[in-house]
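Novice: Residue numbers (my numbering): 1 to 556. Think of the CB as a built atom: it goes at the ideal place given N, C-alpha and C, for glycine as much as any other residue. Computed from a prediction, not measured in an experiment: that's the story for all the values here. What follows is a structure written as structure tokens; I'll ask about it next.
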Amino acid sequence: MKTRQLLASVLASALLVAAAAGCGDGGSAAAESSEPQAVQSGAADGQTDLDNVNEEGYPVVKEAITVTMMGQKAGIHGDWDKMEFFEIMRDMTGINFEFDTPASEVLEEKKNLALNSGNYAEVLFGTNLTRDQQVKYGSQGILLPLEDLIDRYCPNIQTMFEENDGVRASMTAPDGHIYALGQLATSPLKATAMWVNIDWLDALGVDPDDLPTDVDGLFDLLVRFRDEDPNGNGVQDEIPLNVFDDADKGDGLYRNMMPYFGVLHPEFYVDDDGKIHYGMTDDNARVAFEYFNKLWAENLISHDAYTQSSADAIAKGAEGLNGAGFHALPRFVFGNMSIEKEATYPMMPALSSAVNPEQTCVGGTGISQGVFALTDKCSEETAAAMMRWVDYLYSEEGSWLIHYGPEGHIWEYSENDPSLHVYIQPTDGRNVEEVRGGEITPDCGVSCPKWVRESTEGAWDDVQQQARIAWSEKNLNPYVKTALPDLFLTEEEQAVIDMYYTDAKKYRQENAAKFVVGDKSFDEWDAFVDGMHSMGVEEMIGAYQSAYDRWAEANK
Numbered sequence: 001m002k003t004r005q006l007l008a009s010v011l012a013s014a015l016l017v018a019a020a021a022g023c024g025d026g027g028s029a030a031a032e033s034s035e036p037q038a039v040q041s042g043a044a045d046g047q048t049d050l051d052n053v054n055e056e057g058y059p060v061v062k063e064a065i066t067v068t069m070m071g072q073k074a075g076i077h078g079d080w081d082k083m084e085f086f087e088i089m090r091d092m093t094g095i096n097f098e099f100d101t102p103a104s105e106v107l108e109e110k111k112n113l114a115l116n117s118g119n120y121a122e123v124l125f126g127t128n129l130t131r132d133q134q135v136k137y138g139s140q141g142i143l144l145p146l147e148d149l150i151d152r153y154c155p156n157i158q159t160m161f162e163e164n165d166g167v168r169a170s171m172t173a174p175d176g177h178i179y180a181l182g183q184l185a186t187s188p189l190k191a192t193a194m195w196v197n198i199d200w201l202d203a204l205g206v207d208p209d210d211l212p213t214d215v216d217g218l219f220d221l222l223v224r225f226r227d228e229d230p231n232g233n234g235v236q237d238e239i240p241l242n243v244f245d246d247a248d249k250g251d252g253l254y255r256n257m258m259p260y261f262g263v264l265h266p267e268f269y270v271d272d273d274g275k276i277h278y279g280m281t282d283d284n285a286r287v288a289f290e291y292f293n294k295l296w297a298e299n300l301i302s303h304d305a306y307t308q309s310s311a312d313a314i315a316k317g318a319e320g321l322n323g324a325g326f327h328a329l330p331r332f333v334f335g336n337m338s339i340e341k342e343a344t345y346p347m348m349p350a351l352s353s354a355v356n357p358e359q360t361c362v363g364g365t366g367i368s369q370g371v372f373a374l375t376d377k378c379s380e381e382t383a384a385a386m387m388r389w390v391d392y393l394y395s396e397e398g399s400w401l402i403h404y405g406p407e408g409h410i411w412e413y414s415e416n417d418p419s420l421h422v423y424i425q426p427t428d429g430r431n432v433e434e435v436r437g438g439e440i441t442p443d444c445g446v447s448c449p450k451w452v453r454e455s456t457e458g459a460w461d462d463v464q465q466q467a468r469i470a471w472s473e474k475n476l477n478p479y480v481k482t483a484l485p486d487l488f489l490t491e492e493e494q495a496v497i498d499m500y501y502t503d504a505k506k507y508r509q510e511n512a513a514k515f516v517v518g519d520k521s522f523d524e525w526d527a528f529v530d531g532m533h534s535m536g537v538e539e540m541i542g543a544y545q546s547a548y549d550r551w552a553e554a555n556k
């Protein structure tokens, strides 16, 4: 059913609700018991709290309530209390909010101050609760366990768990409780693409459907980019593969290309047998880095890869210098262009190698952790009502609403195909995103609770988006693996990681770069691996192995 029809039917069922009945604040401190429990609060008129909550249908509450909510205000956001999304949800559910929205730049400071001082809201929305924070504040009783509420009030969240393997386990803390909901994006765009310059392929007579499927074929193509003047300017100025890693110190390159050699991540990943690895200590990691060094020595990869920014790399693409590069869209590799032109750029397939005969690339879990939680400030009524409220966002129409808003603001149905959507371009000088974040929804610059289906990504009458999905489904999706599911660590396991991780990462990155650029001989590789082991790699692997085993057991 079309989004507008679904929204209309839901809104039509909403009742006229009374004026706000006040905040459902239980006001209790964190429970002293080691077993977190939902806070109970009695009703002065003798009714139970839940008498005001409709277990199905809309509105959610019979008499309006006002709930306190802490969120984060991204730079692109207008006032949350004026956003179309919250107004629609208020009219549909009968739930109003008093907002506390610190700027994103100070969110962590304000969030930690609130949670540690006891002066926090009933609802935490889009506040990026880390897994560590969920464990800490859940065990203290500040965050309410949600699993029983999910079972009673949340059919859409239950469906999400049932249809997506591992998602429930990835939102479950070590003590078995779910303290926060995550966002799930089951996108048809499952891995980072290496985009290839279509003009250079045309100049060399290479069919985009005949791109290489192994690292040797990639090497040969990059050599042709270097030697055969595909940009046609008579100068050997081509950058066959341009990468930028000023922030990640090379990790972007390693994460994207080490999987071709069977190493799914430079740090922690799990193999098909459930064994945790530290990628840089695998035997195949050396093979991968010998390949990277060969690319560097042959001038097939940008020699400012470790220092240039994304903007630097894009500028070179705009000058016609880039042959290929990893990014979300071709425009971020080759410079601005029309969407019609952008749709012609192909994706390099996932690649194989002599040590990894299966084409392989890596995608994420699709989960953004800690986007919605309830605190012990909630009454029983508020907890039940808010779980019904948030469950709607995990329906297809609710997910669309929080992401794009209602029809007629930034989108409408396509005249070419009424099953697809097109953006409405603003006429006041702003772009679509500025309108979306300024007036429509907080789900612009902030991860919010929702379940994005694959159909959402493909629901646009946009030639570039349709081409992007088609290339991904052909060249990447059949070969995608996940390096590691989202894992919760116990406080003891986290202490092990905290003890070793920072120093080990610094040592790894410094030495990895030296191997790539030739400042270290590969005769020193074994000594490097020994150094990694001396810096706590085995201890960290043990911590992650325990966490993974617990996740796997919960996922049975």
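Considering only heavy atoms of the ligand HEM, does any lie closer than 7 Å to the CB of C361?
Specialist: The ligand HEM is not among the ligands present in this structure, which contains no ligands whatsoever.
Novice: S353 by DSSP, collapsed to three states: which one?
Specialist: Reduced to three states, the DSSP call for S353 is strand.
Novice: Pick from K450, P330 and V435: whose alpha carbon is nearest that of Q464?
Specialist: Residue P330 is the option with its Cα nearest to Q464.
Novice: Between E122 and K377, which are expected to be in contact by the criterion C-beta below 8 Å, what is the C-beta distance as a whole number of angstroms?
Specialist: That belief holds up - the Cβ atoms of E122 and K377 are roughly 4 Å apart, short of 8 Å.
Novice: Closer than 7 Å by C-beta to R468: which residues in its own chain qualify, once you throw out the five before and the five after it? Chain order, please.
Specialist: Closer than 7 Å at the Cβ level, and outside the excluded window around R468, lie L189.
Novice: Ends of the alpha helix (DSSP H) at W200?
Specialist: It spans I198 to L204 - the alpha helix (DSSP H) in which W200 sits, taken as one unbroken run.
Novice: For A373, which residues does DSSP report across the bridge?
Specialist: Its beta-bridge partners are L124.
Novice: Taking the straight line between their C-alpha atoms, what separation do you get for D549 and F161?
Specialist: Going by the C-alpha atoms only, they are around 19 Å apart.
Novice: Please tell me whether V333 and G317 are closer than 8 Å, where the distance is taken between their beta carbons.
Specialist: Their beta carbons are under 8 Å apart, which means V333 touches G317 by this criterion.
Novice: Based on the DSSP secondary-structure assignment, which residues constitute the bridge partners of I276?
Specialist: Partner(s): V270.
Novice: Going by beta carbon distance, what residues of the same chain come within less than 8 Å of W296, once the five residues before and after it are set aside?
Specialist: Once the five neighbours on either side are set aside, the close Cβ partners of W296 are H303, V516, V517 and G518.
Novice: Do the stretch 157-174 and the stretch 474-486 make contact, defined as three or more Cβ pairs closer than 8 Å?
Specialist: Yes: at least three Cβ pairs fall under 8 Å.
Novice: Using alpha carbons as the reference points, say which of N431, S395 and A459 lies closest to S419.
Specialist: The candidate whose alpha carbon is nearest that of S419 is A459.
Novice: Please look up how many angstroms separate the CB atoms of T490 and G363, rounded, as I've assumed it's under 8 Å.
Specialist: Actually they are not in contact, since the Cβ atoms of T490 and G363 sit about 27 Å apart, beyond 8 Å.
Novice: Run through the stretch 420-484 for me and flag every whole alpha helix (DSSP H) of 4 or more residues, listed as ranges in chain order.
Specialist: Taking only runs of at least 4 residues, the alpha helix (DSSP H) segments lying wholly in the stretch 420-484 are 432-435, 454-457 and 463-475.
Novice: Nearest CA to the CA of T502: which residue from M540, K450 and N416?
Specialist: Comparing Cα-Cα distances from T502 to each of M540, K450 and N416, the minimum goes to M540.
Novice: Excluding the 5 residues flanking N356 on each side, which residues of the same chain have their C-beta closer than 6 Å to its C-beta?
Specialist: For N356, where only same-chain residues beyond five positions count, the Cβ hits under 6 Å are F261 and G262.
Novice: What does DSSP give as the partner residues of N96 in its beta bridges?
Specialist: Answer by DSSP bridge pairing, in chain order: T66.
Novice: Between the stretch 390-407 and the stretch 432-444, are three or more C-beta pairs nearer than 8 Å?
Specialist: They touch, by the three-pair rule.
Novice: Look up I367 in the DSSP assignment and give the residues it is bridged to.
Specialist: Per DSSP, L184.
Novice: Let me know the secondary structure DSSP gives S52 once reduced to three states.
Specialist: The sequence shown places Asn at residue 52, rather than the Ser named in the question. Helix at N52.
Novice: I need the straight-line Cα distance from S379 to G445, nearest angstrom please.
Specialist: Rounded to whole angstroms, S379 to G445 spans 30 Å at the Cα level.
Novice: Leaving out five residues before and five after E553 in sequence, what residues of the same chain have Cβ atoms less than 8 Å from its Cβ?
Specialist: Excluding positions up to five away in sequence, the list is empty.
Novice: Among V496, A513 and S546, whose alpha-carbon lies nearest the alpha-carbon of V537?
Specialist: V537 has its Cα closest to that of V496, out of V496, A513 and S546.
Novice: Which residue wins for smallest C-alpha separation from A285, given the options F268, S104 and D273?
Specialist: Of the listed residues, the one whose Cα sits closest to A285 is F268.
Novice: For M348, which of D210, M89, I142 and L143 has the nearest alpha-carbon?
Specialist: It is D210.
Novice: Within 10 angstroms of its Cβ, does V235 collect 16 or more other Cβ (buried), or is it exposed?
Specialist: It is exposed - the Cβ of V235 has fewer than 16 other Cβ atoms within 10 Å.
Novice: Mind checking who D214 pairs with in its DSSP beta bridge?
Specialist: DSSP lists S352 as partners of D214.
Novice: M271: buried (16+ other C-beta within 10 angstroms of its C-beta) or exposed?
Specialist: Note on residue identity: the sequence assigns Asp, not Met, to residue 271. Burial call: exposed.
Novice: Is the CB-CB distance between N233 and A350 below 8 Å?
Specialist: No, the pair does not count as a contact, with Cβ atoms beyond the cut-off.
Novice: Can you give me the C-alpha to C-alpha distance between M532 and A547, rounded to a whole angstrom?
Specialist: Distance between the alpha carbons of M532 and A547 is about 21 Å.
Novice: Reducing DSSP to helix, strand and coil, say where H533 ends up.
Specialist: If DSSP states are grouped into helix, strand and coil, H533 belongs with the helices.
Novice: For the beta strand (DSSP E) containing E412, name the first residue and the last one.
Specialist: E412 -> beta strand (DSSP E) spans W411 to Y413.
Novice: What is the residue span of the alpha helix (DSSP H) that A495 lies within?
Specialist: Per DSSP, A495 belongs to the alpha helix (DSSP H) from E491 to V517.
Novice: Evaluate K73 with the Cβ neighbour count: other Cβ atoms within 10 Å of its Cβ, from every protein chain shown; 16 or more gives buried, anything less gives exposed.
Specialist: The residue in question, K73, is buried, as its Cβ has 16 or more Cβ neighbours within 10 Å.
Novice: How many whole angstroms separate the CB atoms of A185 and V452, which I take to be in contact at a CB cut-off of 8 Å?
Specialist: Yes, A185 and V452 are in contact; Cβ-Cβ is about 4 Å, under 8 Å.
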